[in-house]
Amino acid sequence: MNKQMTPSRPGITRSTAFISLLASLLVVVAISSVGTFNWHQDSSTQVPFNAAQIVHQCQALHALPGPPSDFHERTESDRYVVGTLPTLLRNASIWTGRVSGHEVIVGDVFLDKGLIKEVGTVKRSVLDTYKDLVIIDAAGSWVTPGIVDAHSHLGVDSAPALRGSDDTNSLKGLVLPWLRSLDGLNTHDDAYQLSISGGVTTANVLPGSADAIGGQAFTIKLRPTAERSSSAMVLEAPHGLNGSRVDQSRPRWRQMKHACGENPSRVYSNTRMDTIWAFRQGYDTARKIKVKQDEYCAKALNGQWKDLGEFPDDLQWEALVDVLRGRVKASQSAYHEAVHNHCYEAVDLDGMVRLTNEFNFSIAAFHHAHESYLVPDLLKKAYGPTPAIALFATNARYKREAYRGSEFAPRMLAEHGLRVVMKAGRLSFQNFDRVQRAHLSDHPVLNSRHLLYEAQQAHYYGLPHNLALAAVISTPATILGYDHRIGFIKPDVVLWDSHPLSLGASPKQVFIDGIAQIKNPHVSKKPSRSQEVPKTPKFDKEAKDALEFDGLPPLEPKKPDSDIIVFTNVNSVLTRQGQGIQETFSVSQTGAAGVVVVENGEISCVGALQDCPLAQNSGDVHTIDLEGGSISPALISFGSRLGLNHIDNEPSTNDGSIHDPLKSDGPSILGEGSTIRAVDGIQFSTRDALLAYRSGVTVGVTAPSSSGFLSGLGTAFNTGSPNRLANGAVVQDITALHVSIDSTKPSVSTQVAALRNLLNGGGEGELKAHFKSIVQGKLPLVVQVQSADIMASLISLKAETEKTHGYSIQITFTGANEAHLLAKEIGEAGVGVVLRPSRPFPASWKSRRILAGPPLTQDNSVLALIEHNVTVGVGIEEQWSSRNLRFDIAWAALEANGRLSIPDAIALASTNLERLLGVRAPNRDLVAVKQGTLLDFEGKVIAVISPNRGQVDLIV
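No gaps in the numbering here: position 434 of the sequence shown is 434 in UniProt numbering, and each next residue is one more.
Here is the structure:
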């Protein structure tokens with residue numbers, strides 16, 4: 001272009017001519033830096049001013065996300081905080097995550113500048129160059145990379161729950177790929193520090209599952225930052241986070257949340273067909289945009305600038321277009337898509353697999369995926385790399401989609417070569433509105449602080465130890481696309497007090513970006529065997545049955561072929577002695593394993609073989625080798641709707657919920673003052689009850705379901721009985737009267753006033769009579785309450801009533817997150833406490849002041865209460881967790897630093913619960929455990945000894 005030509009072209013000034021020339025030169029420069037394209041430009045075509053930018057943008061469309069090529073050569077982390085002292089962890093057993101989780105290095109870990117500088121042997125000459133060096137002697141303890149929570153709602157479903165604290169779901173439509181969890185990320189969630197105290201260093205914060213496409217997820221580091229902003233927590237935010245198009249040859253990872261099946265169908269009152277169609281519409285919209293972009297770029301890269309116009313883009317759909325472009329993490333041999341798909345049943349998994357192949361996108365992981373183990377070959381047909389499976393260990397059967405969930409799923413998926421990720425628990429549907437119910441919140445409630453517990457349980461049921469650890473560390477890091485930064489020995493590490501797959505393993509310290517996160521950590525001394533990988537039982541037959549019976553294997557116990565059972569190779573026997581539990585035989589005292597003879601359900605002999613004549617009889621005797629196992633009292637489950645519900649959140653399978661007399665009048669046909677009895681609605685042979693029985697929980701205590709003030713009369717039943725008319729099925733018709741003072745509708749003061757009136761002779765009919773029994777000390781009153789302030793009011797009401805009527809009232813607080821704040825007063829008032837859950841979480845304002853336990857506090861609530869002479873029991877919240885009660889009480893003992901004995905731990909879920917809940921008929925059942933005890937990950941329940949029913953049930 002020259003000066004003579006410029007005037008002959010209308011509207012072109014010398015200035016714009018110069019700019020046009022410069023743009024042409026920039027195109028040439030851009031071509032040389034990002035590649036070549038065909039040049040067939042017509043001489044009359046005006047080259048756009050931003051031609052170089054267009055060329056770069058078009059060529060960048062095909063760039064795959066990943067770190068810069070020199071990422072591993074950096075000497076300082078971009079997350080390094082100036083002033084952080086270098087730290088040396090000496091003499092550690094280091095699980096690196098490498099070699100498929102098999103590599104363990106004994107040596108040191110050196111952290112500096114937000115990076116791990118060396119692992120193994122750190123030379124003295126290197127350390128001598130540092131003046132201020134923090135040295136921690138691990139003394140052989142385990143060090144692992146930080147735990148990665150691939151499925152969390154931290155920050156968007158904040159604790160405690162307050163108005164505006166739930167930003168998990170939008171109800172603006174089924175397909176919303178433009179929403180971003182970061183825009184709702186609350187920096188004041190009380191759960192951040194709790195999760196860190198469980199070794200969690202990174203969380204993928206997902207939108208909820210009310211929508212088919214809920215939006216974009218963001219991965220965050222949990223440590224607080226000096227900036228105190230949400231954005232400062234984000235790990236490698238996408239370059240276009242603020243709407244700008246940054247010139248980057250390697251884009252950054254993106255995450256997307258999908259959900260199929262019941263959740264979006266229920267929220268929007270549609271069907272699975274509607275949901276899949278919404279997916280197809282959304283992806284088709286994104287596909288059309290992608291096609292237009294490709295056509296545009298084909299012209300631009302061929303120099304066809306005439307009438308090219310602007311790059312076809314749409315801010316609402318650009319994230320979904322990225323999915324279709326395979327915005328994935330490139331590695332040496334594979335790539336992984338950023339779509340996280342909430343999906344349970346085979347029908348939904350099949351629909352999503354077909355969708356991936358229709359639109360050519362891949363899925364990082366199917367989450368929840370309870371039926372995935374039934375269809376492994378289907379999952380391998382998904383477009384691109386086979387998705388990972390992110391699932392719970394034992395949390396299942398809470399709705400139809402989860403009914404066929406199996407504890408053996410992680411093991412079976414791994415056997416089919418699928419990658420397994422363990423995820424934290426879910427929020428109960430009970431007492432929540434439809435928006436809250438929609439998202440099946442994973443963290444919180446069974447919160448991510450205990451994500452490692454999911455890996456421990458998966459290992460217990462057969463997932464190999466290397467894959468179990470990888471399932472919460474390296475595998476989620478890889479599927480998220482951040483394995484260059486986390487999931488392996490990187491600057492996020494955890495120093496554990498025991499092997500991380502041991503029950504109750506707790507951090508001694510957690511480092512995020514090389515920075516210690518726990519101030520003055522409290523560490524409990526663990527048994528020496530806790531430093532080893534647990535020797536878990538064999539469940540080969542059970543896993544085979546789960547598959548053979550399509551997820552619903554028979555769970556009923558079997559009868560032995562003799563009335564005389566001889567248990568051999570017994571290491572310990574614990575039995576009830578009055579109101580307590582004592583060890584009556586121990587190999588540590590005798591020096592040799594013993595035998596236990598049972599006749600018609602009663603123990604007739606315990607001791608050496610020569611001491612028990614029947615044990616030497618080779619005739620009509622059924623012999624069971626416990627292989628160093630134990631016999632101990634059976635447990636009692638309380639706090640859930642066990643026995644009233646088959647499937648928690650499927651109304652047609654349940655007893656239902658009773659009316660609240662403070663909110664509405666009861667049906668007139670009931671008469672004035674009628675009191676509902678749980679015994680009338682008990683359902684036997686529910687899967688959760690039978691699984692509890694197979695885990696040593698032989699009695700369930702339950703009260704009528706209610707979301708209001710008055711619940712009704714509880715009952716005690718045998719969890720292994722086939723029906724109500726069977727021998728010993730109903731242990732006790734009426735146990736206690738249950739009320740709740742937790743909600744604010746009506747007001748707390750109104751509820752306390754109602755209770756005062758009833759205690760002072762108010763009410764009508766049966767209700768009045770039952771409260772008279774309570775006042776006379778004949779019937780216990782069980783009060784669901786969390787707040788210490790409400791407990792204080794109830795303690796005052798108890799004293800007031802006792803002074804007026806002259807009787808001692810038996811009151812038990814259940815829930816009781818804040819009971820430790822009044823431990824002295826509760827003990828002096830003679831009130832008992834059932835902690836549920838036993839490991840607290842600040843879910844609501846009235847339960848936020850928790851005693852977290854090690855490593856954040858020296859004591860847990862169990863200890864704090866016991867040391868003030870409070871009778872303490874341990875309960876549960878949801879019925880599926882009845883089977884894990886044995887591990888709950890063991891965990892409480894492990895945190896007690898030797899101050900809670902094994903008999904004391906068993907009492908928490910047996911004799912103590914009987915006293916607290918009004919069970920007068922003692923549970924004399926005993927549990928035979930093979931290879932270990934009821935309180936460890938090595939023992940397997942194989943028989944229930946029932947003196948009351950005169951029989952032994954075999955768990956086979």
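Quick reminder that beta carbons are idealized off the backbone N, C-alpha and C, glycines included.
Please read these numbers as outputs of a predicted model, since none were measured by experiment.
Q: Quick one: which unbroken beta strand (DSSP E) runs of 3-plus residues sit fully inside the stretch 581-636? Chain order, please.
A: 594-599, 602-607 and 622-633
Q: May I ask you to report which of helix, strand or coil DSSP gives G107?
A: Against the sequence shown, residue 107 aligns to sequence position 107. Reduced to three states, the DSSP call for G107 is strand.
Q: Report buried or exposed for T744, applying the criterion of at least 16 other Cβ atoms within 10 angstroms of its Cβ.
A: Within the sequence shown, the letter at position 744 stands for residue 744. When all chains shown are included, T744 counts as exposed.
Q: Within 10 angstroms of the Cβ of Q188, are there 16 or more other Cβ atoms? Answer buried if so, exposed if not.
A: Your numbering for residue 188 matches position 188 in the sequence shown. Looking at the sequence itself, residue 188 is His, so the reference to Gln does not match. Burial state of H188 is exposed, judged by a 10 Å Cβ sphere holding fewer than 16 other Cβ atoms.
Q. Applying the criterion that 16 or more other CB atoms from any shown protein chain within 10 Å of the CB defines a buried residue, is Q751 buried or exposed?
A. Translated into positions along the sequence shown, residue 751 becomes position 751. The residue in question, Q751, is buried, as its Cβ has 16 or more Cβ neighbours within 10 Å.
Q | Residue of G712, D550, Q456 and Q577 minimising C-alpha distance to S530 | A | On the sequence shown, residue 530 is found 530 positions in, with the first residue counted as 1. Among G712, D550, Q456 and Q577, the Cα nearest to that of S530 is on Q456.
**Q.** Residues bridged to M422 (per DSSP)
**A.** Stepping through the sequence shown from its first residue, residue 422 is reached at position 422. Looking at the DSSP output, M422 sits in a beta bridge with L391.
Q: Inspect the beta-carbon positions of G827 and T812 and report whether they are closer than 7 Å.
A: Within the sequence shown, the letter at position 827 stands for residue 827. Within the sequence shown, the letter at position 812 stands for residue 812. Going by C-beta atoms, G827 is not nearer than 7 Å to T812.
Q: Check whether the Cβ atoms of R79 and D483 lie closer than 7 Å to each other.
A: Here residue 79 refers to the residue found at position 79 when the sequence shown is read from its first residue. Here residue 483 refers to the residue found at position 483 when the sequence shown is read from its first residue. Note that the C-beta distance between R79 and D483 is not below 7 Å.
Q. Which residues in the same chain have their Cβ closer than 7 Å to the Cβ of T285, if we skip the five residues on either side of it in sequence?
A. If you number the sequence shown from 1, residue 285 lands on position 285. Closer than 7 Å at the Cβ level, and outside the excluded window around T285, lie W317.
Q: List the whole-angstrom C-beta distance separating W880 from R404, where the pair is believed to meet the contact cut-off of C-beta under 8 Å.
A: By 1-based counting over the sequence shown, the position of residue 880 is 880. By 1-based counting over the sequence shown, the position of residue 404 is 404. Contact doesn't hold; Cβ gap of about 13 Å is too wide.
Q: Taking I790 and T801 to be in contact with their CB atoms under 8 Å, please state how far apart those CB atoms are, rounded to whole angstroms.
A: One-based indexing of the sequence shown puts residue 790 at position 790. One-based indexing of the sequence shown puts residue 801 at position 801. Between I790 and T801 the beta-carbon gap is near 16 Å, outside 8 Å, which marks them as no contact.
Q) Between D936, L835 and Y192, which lies nearest to N912 when the distance is taken from Cα to Cα? A) What you label residue 912 is simply residue 912 of the sequence shown in a count that begins at 1. Checking every option, the nearest Cα to that of N912 belongs to L835.
Q: Name the residue from P661, A692 and E602 whose alpha carbon lies nearest to the alpha carbon of R641.
A: Taking the sequence shown and counting its residues from 1, one reaches residue 641 at position 641. Comparing C-alpha distances from R641 to each of P661, A692 and E602 shows the shortest one belongs to A692.
Q: Label L863 either buried or exposed according to how many other C-beta atoms from any shown protein chain fall within 10 Å of its C-beta, with 16 as the threshold for buried.
A: Taking the first residue of the sequence shown as position 1, residue 863 is located at position 863. Answer is buried; the Cβ neighbour count reaches 16.
(Q) On the DSSP letters alone, give me the boundaries of the beta strand (DSSP E) that K288 sits inside. (A) The residue you call residue 288 lines up with position 288 of the sequence shown. K288 -> not in any beta strand (DSSP E); alpha helix (DSSP H) instead, spanning R272 to A300.
Q) To the nearest angstrom, how far is it from the Cα of L127 to the Cα of N91? A) For the purposes of this step, residue 127 is identified with residue 127 of the sequence shown, where counting begins at 1. For the purposes of this step, residue 91 is identified with residue 91 of the sequence shown, where counting begins at 1. Taking the straight line joining both Cα atoms gives about 15 Å.
Q | Supposed close pair V956, V941 - CB separation, criterion 8 Å | A | By 1-based counting over the sequence shown, the position of residue 956 is 956. By 1-based counting over the sequence shown, the position of residue 941 is 941. Their Cβ separation, rounded to whole angstroms, is 11 Å, which puts V956 and V941 out of contact at 8 Å.
(Q) Buried or exposed for F71, going by 16 or more other Cβ atoms inside 10 Å? (A) Working through the sequence shown from its first residue, we reach residue 71 at position 71. The residue is exposed, with fewer than 16 neighbouring Cβ atoms inside 10 Å.
Q.
Please classify H62 as buried or exposed, where buried requires at least 16 other C-beta atoms within 10 Å of its C-beta.
A. On the sequence shown, residue 62 is found 62 positions in, with the first residue counted as 1. Result: exposed.
Q) Do the stretch 169-187 and the stretch 483-500 make contact, defined as three or more Cβ pairs closer than 8 Å? A) No contact exists between the stretch 169-187 and the stretch 483-500.
Q: Count the other C-beta atoms from every protein chain shown that fall within 10 angstroms of the C-beta of L427, then say buried if there are 16 or more, exposed otherwise.
A: Sequence index remark: in the sequence shown, residue 427 carries index 427 (1-based). For L427, the predicted model reports a pLDDT of 43, less than 50, meaning its position is unreliable; a value from the coordinates is still stated below. Result: buried.
**Q.** Bounding residues of the beta strand (DSSP E) (the contiguous stretch that carries G765)
**A.** The residue you call residue 765 lines up with position 765 of the sequence shown. Element bounds for G765: not the beta strand (DSSP E) but the alpha helix (DSSP H), G765 to V775.
Q) Going by C-alpha distance, which of Y130, N884, H102 and L916 is nearest V738? A) Against the sequence shown, residue 738 aligns to sequence position 738. The sequence given here places His at residue 738; Val does not occur at that position. Closest by alpha carbon: L916.
Q. Can you tell me whether N271 is buried or exposed, with buried defined as 16 or more other CB within 10 angstroms of its CB?
A. Residue 271 sits at position 271 when you count from the first residue of the sequence shown. Here residue 271 is Thr; the residue named in the question, Asn, does not match the sequence. Exposed, since its Cβ has fewer than 16 Cβ neighbours within 10 Å.
Q) Under a Cβ-count criterion, where at least 16 other Cβ atoms within 10 Å of its own Cβ denotes burial, should S528 be classed as buried or exposed? A) Here residue 528 refers to the residue found at position 528 when the sequence shown is read from its first residue. By the neighbour-count rule (16 or more Cβ atoms within 10 Å), S528 is not buried but exposed.
Q) What are the boundary residues of the beta strand (DSSP E) that P507 is part of? A) Taking the sequence shown and counting its residues from 1, the one referred to as residue 507 is at position 507. Element bounds for P507: P507 to I512.
Q: Could you tell me how far apart the beta carbons of A217 and K172 are, in whole angstroms, since I believe they sit closer than 8 Å?
A: Numbered from its first residue, the sequence shown carries residue 217 at position 217. Numbered from its first residue, the sequence shown carries residue 172 at position 172. Rounded, the Cβ-Cβ distance is 18 Å, inconsistent with contact.
Q. Just the Cα atoms here: how many angstroms apart are V870 and E877?
A. To locate residue 870, count along the sequence shown from 1; it is residue 870. To locate residue 877, count along the sequence shown from 1; it is residue 877. One C-alpha to the other measures close to 21 Å.
**Q.** Contact belief for S141 with W496 at Cβ below 8 Å, rounded distance in angstroms
**A.** As a working note, residue 141 is residue 141 in the sequence shown. As a working note, residue 496 is residue 496 in the sequence shown. Confirmed, about 6 Å.
Q) Is the distance from the Cβ of V421 to the Cβ of T475 below 7 Å? A) In the sequence shown, residue 421 corresponds to position 421, counting from 1. In the sequence shown, residue 475 corresponds to position 475, counting from 1. The answer is yes: Cβ separation under 7 Å.
(Q) Which residue marks the beginning of the beta strand (DSSP E) containing C343, and which one marks its end? (A) Here residue 343 corresponds to residue number 343 of the sequence shown, with the count starting at 1. Looking at the DSSP string, the run of the beta strand (DSSP E) that includes C343 is V339 to C343.
Q) I489 and V119: beta carbons closer than 7 Å? A) On the sequence shown, position 489 is the one that residue 489 refers to. On the sequence shown, position 119 is the one that residue 119 refers to. Their beta carbons are under 7 Å apart, which means I489 touches V119 by this criterion.
Q | Terminal residues of the beta strand (DSSP E) in which S93 lies | A | Position 93 of the sequence shown holds residue 93. Unbroken beta strand (DSSP E) run through S93: T87 to W95.
**Q.** N357 - DSSP class collapsed to helix/strand/coil
**A.** To locate residue 357, count along the sequence shown from 1; it is residue 357. Correct three-state label for N357: helix.
Q.
Less than 6 Å between C-beta atoms, sequence neighbours within five positions excluded: which residues of the same chain meet that for K768?
A. Taking the first residue of the sequence shown as 1, we reach residue 768 at position 768. Excluding sequence neighbours, K768 sits near G673.
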